[in-house]
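To keep things clear, I will list the structure first and then write my remarks on it.
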Ligand code: COS
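Numbering (my numbering), first residue to last: 1111 to 1492.
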């Protein structure tokens, strides 16, 4: 369908599509197998300026919005959700600085993130705090001119690869969510180290490790925003980032549909290509309908977020749920259309099905997203 993109938006799509087709797709199976971080691919992405899409021009970015990142991520997600996750996680790590950072902090970090010379990462999750974001245990205590961080973050995307980490820690436990603060930690800070690389079902090209803070000392001015505003910055960050995860589902769903339809035209059974059987046609039709409906919702949500930055939560959570549940269903159906071949690693759809699962889990499970939508409805209907 025609979404009437501007010339600049179409250029972002064309560039991202070219990167997906020429760089990502040829390497995705090997990266899935080796579980290597896609450094060379991301270095090429950096040359295209796409790391700076959402970063204002005064900090070296392109100065576009959520809708434009979504356009790029759709193509990268079509190529490989593992590679796309590594790219998206840098934006997730940058958002707290963009949303709540001081002017000097923005000037220091955002240009490096915009050029892709340094990648960022976002650190909230802990062993006992996933959905319950305010239940974190990591602490930060002010000691003279330095904050001292102690604790362990778990399942952090880009850990070990990023140079800039935005980290949530408790500065006043008695205050609950109002006692959390955010900090920038650099990879070279003393007392900061990484856990072993996790072995995952899917998105194996992305790096997932623990961040370990053992009396990690950072300068006082690495506090993002004011003390006690960390939880709000986290919530605003996730509101902005979730359409990016939603669109990975759209790109992935499109890729699965493309593979299934291509196969159904070639595969002959009972003397005919299987696409001529209504049972297969209906599966493909449902896949196409769901992919397009999800695309339209994510595009609309991204445009809403750009136009109404104070009213993001419901649109963001709605599109994340719809598009990622769609991706799970469509990739499972693609494996079904390919039958036994779909189950083999020789074809890309089994990887797509494995990659889809994380989209329903990370950046807030789809159960949490439904809670957010439900709570917003509860406020709307008095
Ligand atoms: N924007 C701004 N402020 C928000 C907000 C948002 N989207 N959501 C909540 N807040 C504010 C609330 O208004 C409240 O402020 P007050 O203290 O002034 O009342 C405060 O934050 C606490 O909100 P709430 O009571 O709703 O917090 P809960 O502890 O109940 O948690 C959920 C709410 C479950 C929505 C939150 O913990 C969450 O999003 N969890 C999922 C986290 C996640 O995505 N984890 C995955 C890993 S991160 S990649």
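Built from N, CA and C at the ideal position, the CB exists for glycine as well.
Three-state class that DSSP yields for residue i in the structure shown
i: residue 1114; result: coil
i: residue 1324; result: strand
i: residue 1473; result: coil
i: residue 1317; result: coil
i: residue 1397; result: helix
i: residue 1453; result: helix
i: residue 1228; result: coil
i: residue 1382; result: strand
i: residue 1205; result: helix
i: residue 1241; result: coil
i: residue 1333; result: strand
i: residue 1271; result: coil
i: residue 1167; result: helix
i: residue 1236; result: strand
i: residue 1409; result: helix
i: residue 1172; result: coil
i: residue 1212; result: coil
i: residue 1308; result: coil
i: residue 1420; result: coil
i: residue 1441; result: helix
i: residue 1161; result: helix
i: residue 1299; result: coil
i: residue 1432; result: helix
i: residue 1197; result: helix
i: residue 1219; result: helix
i: residue 1246; result: coil
Run of the beta strand (DSSP E) containing residue i, from where it starts to where it stops
i: residue 1501; result: Because the chain in this structure spans residues 1111 to 1492, residue 1501 falls outside the shown range and cannot be described.
i: residue 1256; result: 1256-1267
i: residue 1296; result: 1290-1296
i: residue 1276; result: 1274-1280
i: residue 1370; result: Note, residue 1370: premise wrong, no beta strand (DSSP E); alpha helix (DSSP H) at 1340-1376.
i: residue 1250; result: 1249-1253
i: residue 1303; result: 1302-1304
Sequence-distant residues of its chain with Cβ nearer than 7 Å to residue i (five each side left out)
i: residue 1440; result: 1363, 1366, 1367, 1397, 1400 and 1401
i: residue 1475; result: 1241
i: residue 1133; result: 1151 and 1154
i: residue 1464; result: 1311 and 1312
i: residue 1305; result: 1319, 1320 and 1322
i: residue 1384; result: 1374, 1377 and 1390
i: residue 1256; result: 1327, 1328, 1329 and 1330
i: residue 1119; result: 1178 and 1181
i: residue 1111; result: 1402
i: residue 1229; result: 1200, 1268, 1271, 1272 and 1273
Cβ shell of residue i (< 8 Å), same chain only, five flanking positions each side left out
i: residue 1139; result: 1455, 1458 and 1461
i: residue 1307; result: 1145, 1270, 1317, 1318 and 1319
i: residue 1348; result: 1426, 1473 and 1474
i: residue 1239; result: 1245, 1246 and 1247
i: residue 1135; result: 1189 and 1190
i: residue 1480; result: 1427 and 1431
i: residue 1352; result: 1426, 1427, 1429, 1430, 1473, 1474 and 1479
i: residue 1261; result: 1236, 1246, 1247, 1248, 1249, 1279 and 1323
Any non-hydrogen atom of the ligand GTP closer than 7 Å to residue i Cβ
i: residue 1346; result: The ligand GTP is not part of this structure, which contains only the ligand COS.
Chain B within 8 Å of residue i, Cβ atoms only
i: residue 1436; result: No chain B is part of this structure, which consists of one protein chain only.
Residue i: first and last residue of the uninterrupted alpha helix (DSSP H) it sits in
i: residue 1156; result: 1149-1157
i: residue 1176; result: 1176-1189
i: residue 1141; result: 1135-1144
Proximal residues to residue i (C-beta, below 6 Å), its chain only, five neighbours per side dropped
i: residue 1283; result: 1289
i: residue 1171; result: 1162, 1165 and 1224
i: residue 1211; result: 1334
i: residue 1221; result: 1169 and 1170
i: residue 1303; result: 1322
*Decide yes or no for the touch test of the stretch 1411-1422 against the stretch 1173-1186: beta carbon pairs closer than 8 Å, at least 3 of them.*
Judged by Cβ distances under 8 Å, the stretch 1411-1422 makes contact with the stretch 1173-1186, as three or more pairs qualify.
*Counting pairs of Cβ atoms below 8 Å between the stretch 1320-1340 and the stretch 1154-1167, do you hit three or more?*
With the cut-off at 8 Å, the stretch 1320-1340 and the stretch 1154-1167 do not touch.
*Can we say the stretch 1199-1210 touches the stretch 1249-1260, given the rule of at least three CB pairs closer than 8 Å?*
No: the two stretches stay apart, fewer than three of their Cβ pairs being nearer than 8 Å.
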